[in-house]
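Presented below is the structure to which this report refers.
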Amino acid sequence: MKRREDEISTNWTTEDSRELYNVDGWGIGYFGVNEHGHATVHPTKDPERGLDLFELAMDLAAQGVGLPLLLRFSDILRARIATLADRFRTAIREFDYEGSYTTVYPIKVNQQRHVVEEIVAFGEEFGVGLEVGSKPELQAVLALTERTDHLIVCNGYKDEEFMRLALMGQKLGHKVLIVLEKINEVDILLKVAEEMGVTPTAGIRIKLSTAGAGKWSQSAGEKSKFGLNSAQLMRVLDKLEAAGKMEILRMVHFHLGSQIPDIRNVKLAMTEVARFYVEMRHLGVQVEYVDVGGGLGVDYDGSRSTAQASVNYSMQE
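Residue numbers for the sequence shown follow the numbering used here, beginning at 275 and rising by one.
Structure, rendered in structure tokens:
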């Protein structure tokens with residue numbers, strides 16, 4: 275008599291595996307399952323060009339390469355940068371938007387030099403910038419390339435040494451934007467800038483009432499410990515106006531949190547920051563950039579839902 279387990283094993287197909295693990299959902303063309311039931315990678319999304327990951331791992335093991343090991347596919351980085359830029363170009367055309375879009379990569383996501391170098395190289399034609407959140411990260415970015423045409427956005431804790439390093443980068447020709455997140459940072463920036471004889475370019479991080487969603491929702495909203503509320507924003511503007519330095523403020527920044535699963539939160543935040551932008555322009559602040567922090571979420575489980583490991587929107591949306 276045939277056991278049920280044997281029957282299941284006999285009838286199971288690679289399509290069953292593909293469906294069970296929702297490979298098409300989270301793989302979005304970059305990953306798949308071949309006729310042998312092995313996981314495959316397609317860095318350019320071309321189904322005819324791919325690697326059998328099982329065979330690759332076995333081949334490397336036979337060569338004496340120890341497991342586990344990390345495999346990195348640069349073409350996926352290149353493709354994602356190009357896709358993101360293309361989606362924004364499409365939206366800009368659709369809505370007759372007169373501004374532009376710039377991707378800014380936070381190097382805290384992956385600080386490995388070869389990864390950051392590839393992002394800078396792949397993103398050159400799209401104007402991709404970099405975001406740093408500490409002095410070591412800023413030092414690494416300034417030493418990374420002689421290019422000075424991409425943005426370097428400075429977030430995180432800033433003391434005099436950080437400000438001096440950022441302004442030195444500006445003197446070298448880099449497009450450095452120093453984001454003010456605390457009221458006392460205004461005084462530090464103005465003091466160091468005067469000592470160095472530099473007119474800085476600054477942004478300001480605001481605290482929206484719109485809360486984020488998902489695992490990192492507490493990094494946004496009125497109770498967030500990051501950013502300035504409306505009253506604190508006015509104090510910063512008063513300080514800059516009293517110093518005759520209102521013109522240094524060129525960017526408004528907010529952070530809704532990472533891995534936002536519901537597009538509704540993004541829409542609410544964009545509506546709120548638009549009001550801040552308009553009011554700041556009315557007050558004479560020449561805002562050029564609106565920096566939307568947090569980035570687009572990734573549909574890790576492929577369910578296209580509001581679950582923490584998913585998102586309910588496409589990149590185009």
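Glycine residues also receive a C-beta, built at the ideal position from the N, C-alpha and C atoms.
Quick caveat, the model's predicted, so the values are computed rather than measured.
Would you say the beta carbon of residue i comes nearer than 7 Å to a heavy atom of the ligand GDP?
i: D433; result: Annotation note on the ligand GDP: not contained in the displayed structure, which lists no ligands.
What separation, rounded to the nearest whole angstrom, lies between the Cα atoms of residue i and residue j?
i: N384; j: T484; result: 28 Å
i: A548; j: K382; result: 27 Å
i: E289; j: D423; result: 48 Å
i: A476; j: L451; result: 5 Å
i: A583; j: Q533; result: 8 Å
i: H221; j: D333; result: As shown, the chain starts at 275 and ends at 591. That puts residue 221 outside it, with no answer to give.
i: R509; j: L463; result: 15 Å
i: H529; j: T473; result: 26 Å
i: E372; j: I366; result: 8 Å
i: L439; j: R323; result: 45 Å
Smallest Cα separation from residue i: which of the options?
i: F400; options: R352, L418, A440 and E368; result: R352
i: R387; options: A417, E293, V559 and E515; result: A417
i: D565; options: Y379, N308 and T419; result: Y379
i: G397; options: T287, D370 and T357; result: T357
i: G301; options: L334, G340, Y574 and A581; result: Y574
i: H527; options: P535, G324, L514 and Y551; result: Y551
i: L570; options: R538, L330 and A395; result: R538
i: G443; options: V427, N458, E455 and S588; result: V427
i: G403; options: K409, V415 and P410; result: V415
i: L341; options: D349, V389, L330 and F347; result: L330
i: M520; options: V561, T545, L542 and P535; result: V561
i: A505; options: I457, G518, L345 and V297; result: I457
i: K445; options: E455, M470 and N429; result: M470
i: G518; options: E468, N503 and E546; result: E468
i: K541; options: L412, H312 and N586; result: N586
Where does residue i sit, in a helix, a strand or coil, going by DSSP?
i: G299; result: helix
i: T580; result: coil
i: R538; result: helix
i: I457; result: coil
i: Y563; result: strand
i: F500; result: coil
i: M525; result: strand
i: T314; result: strand
i: A543; result: helix
i: L441; result: helix
i: R292; result: helix
What's the call for residue i, buried or exposed, on a 16-neighbour Cβ count within 10 Å?
i: K432; result: buried
i: V307; result: buried
i: S498; result: buried
i: K481; result: buried
i: H556; result: exposed
i: G338; result: exposed
i: V572; result: exposed
i: T377; result: buried
i: T314; result: buried
i: E391; result: exposed
i: G447; result: exposed
i: N429; result: buried
*Sequence ranges, alpha helix (DSSP H) only - wholly within the segment 378-415, length at least 4*: Within the segment 378-415, the complete alpha helix (DSSP H) runs of at least 4 residues fall at 387-396.
*Enumerate, from N- to C-terminal direction, the unbroken alpha helix (DSSP H) stretches of 4 or more residues contained entirely within the segment 325-373.*
You should have 327-336 and 348-368.
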